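Student:
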Amino acid sequence: MDFNVVQVTQRRSAGYLPTYESHGSRLEELKQAARCLLTSLNQTEEKLDLINTIQRLGVAKHFAKEINEVLDHVNPNIPCDLYTVALQFRLLRENGFFITSGFQWV
1 MDFNVVQVTQ
11 RRSAGYLPTY
21 ESHGSRLEEL
31 KQAARCLLTS
41 LNQTEEKLDL
51 INTIQRLGVA
61 KHFAKEINEV
71 LDHVNPNIPC
81 DLYTVALQFR
91 LLRENGFFIT
101 SGFQWV
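No gaps in the numbering here: position 87 of the sequence shown is 87 in full-length UniProt numbering, and each next residue is one more.
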């Protein structure tokens, strides 16, 4: 038996994930991109759809200021389809705006 032979074991890299600090900076980048998207949309229908999506994802608390600004400037007298009117009514009600169901939407 030869004790002078050294066996070398090759180890693969574990592919470590980024640190928690980089997650925080990435989160801030994504939040800023979402804010820019919300303010850059021109159509009211697109803004309402984006607000609906943000709320359904459960991250609306991060964008409460921007959501309230958009809903403050929503004009209920613009001609819309039934989906948009219903979405607008629901979002306004859920975010504390007083809208009666008897209001003339279309």
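Ideal placement from N, C-alpha and C gives every residue a C-beta, glycine not left out.
Quantities reported herein were computed from a predicted structural model and do not represent experimental measurements.
Kindly provide the ranges of any alpha helix (DSSP H) runs that are 4 or more residues long and lie completely inside the UniProt domain "Terpene synthase N-terminal" (19-101), ordered along the chain.
Tutor: The qualifying runs are 20-40, 44-57, 64-72 and 82-94.
Student: Let me check understanding here. Comparing Cα to Cα, which of 33, 52, 24 and 56 lies closest to residue 71?
Tutor: Nearest C-alpha to residue 71: 52.
Student: Pop quiz: residue 44 and residue 67 are said to be a contact at Cβ under 8 Å. What is the actual Cβ separation, rounded to whole angstroms?
Tutor: About 13 Å; that fails the 8 Å criterion.
Student: Return the Cβ separation of residue 35 and residue 63 in integer angstroms, given the expectation that the two are a contact with Cβ distance under 8 Å.
Tutor: Right, the Cβ-Cβ distance comes to about 7 Å (below 8 Å), so this counts as a contact.
Student: Determine the DSSP secondary structure at residue 6, reduced to helix, strand or coil.
Tutor: Looking at residue 6 - three-state DSSP - the assignment turns out to be coil, as it is neither helix nor strand.
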